[in-house]
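In my numbering, the protein residues as written are 0 to 144.
Have a look at the structure below, then the notes.
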């Protein structure tokens with residue numbers, strides 16, 4: 000949740016959560032993002048305001064869009080002028096997703112929140128019954144002698 004008192008701590012928590020989701024150690028992410036291990040640790044604790052270049056490097060290392068990272072930092076704004084640091088904005092800004100994927104994700108997300116975009120439940124899948132029949136026996140031919 001965004002903390003207006005300490006936006007850098009929120010950004011640090013976001014970076015830490017993404018690092019953990021990607022199963023990276025602090026040292027590994029620091030190396031990939033070309034920053035020092037202590038500096039990254041301090042960023043994750045919200046002690047510093049990183050530059051746009053550092054945010055882009057971290058985003059690249061985490062394989063997320065720079066827009067998502069900049070949005071989380073409050074450096075990217077929606078058309079309304081409000082910060083775009085929420086889940087829906089992150090989905091909309093992710094270039095790796097197709098329009099259909101974005102719409103589906105947004106609908107599912109809103110459905111979980113009860114925001115009117117609920118996705119109807121899929122009907123239960125019916126699995127075919129296992130065959131218990133034995134192959135039909137070949138017709139018997141009578142032999143005439």
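Beta carbons: idealized from backbone N, C-alpha and C, even for Gly.
How far does the alpha helix (DSSP H) with residue i in it extend, from its first residue to its last?
i, result
"residue 10", "6-20"
"residue 65", "65-71"
"residue 93", "Counting along the chain, residue 93 falls outside any alpha helix (DSSP H), and DSSP gives it neither H nor E."
"residue 34", "No alpha helix (DSSP H) contains residue 34, which DSSP labels as neither H nor E."
"residue 154", "Nothing in the structure corresponds to residue 154, since the chain is present only between 0 and 144."
Answer with buried or exposed for residue i, where buried requires no fewer than 16 other C-beta atoms within 10 angstroms of its C-beta.
i, result
"residue 20", "exposed"
"residue 18", "buried"
"residue 71", "buried"
"residue 91", "buried"
"residue 88", "buried"
"residue 86", "exposed"
Based on Cα-Cα distance, which residue from the options lies nearest to residue i?
i, options, result
"residue 39", "94, 51, 110 and 14", "14"
"residue 23", "53, 54 and 62", "62"
"residue 26", "55, 109 and 60", "60"
"residue 28", "94, 58 and 86", "58"
"residue 73", "93, 56 and 51", "51"
"residue 12", "96, 42 and 37", "42"
Quick check: the stretch 64-71 against the stretch 26-39, are at least 3 beta-carbon pairs closer than 8 Å? Touching, no.
Are there three or more Cβ pairs, one per stretch, closer than 8 Å when the stretch 7-18 is compared with the stretch 37-56? At 8 Å Cβ cutoff, the stretches touch.
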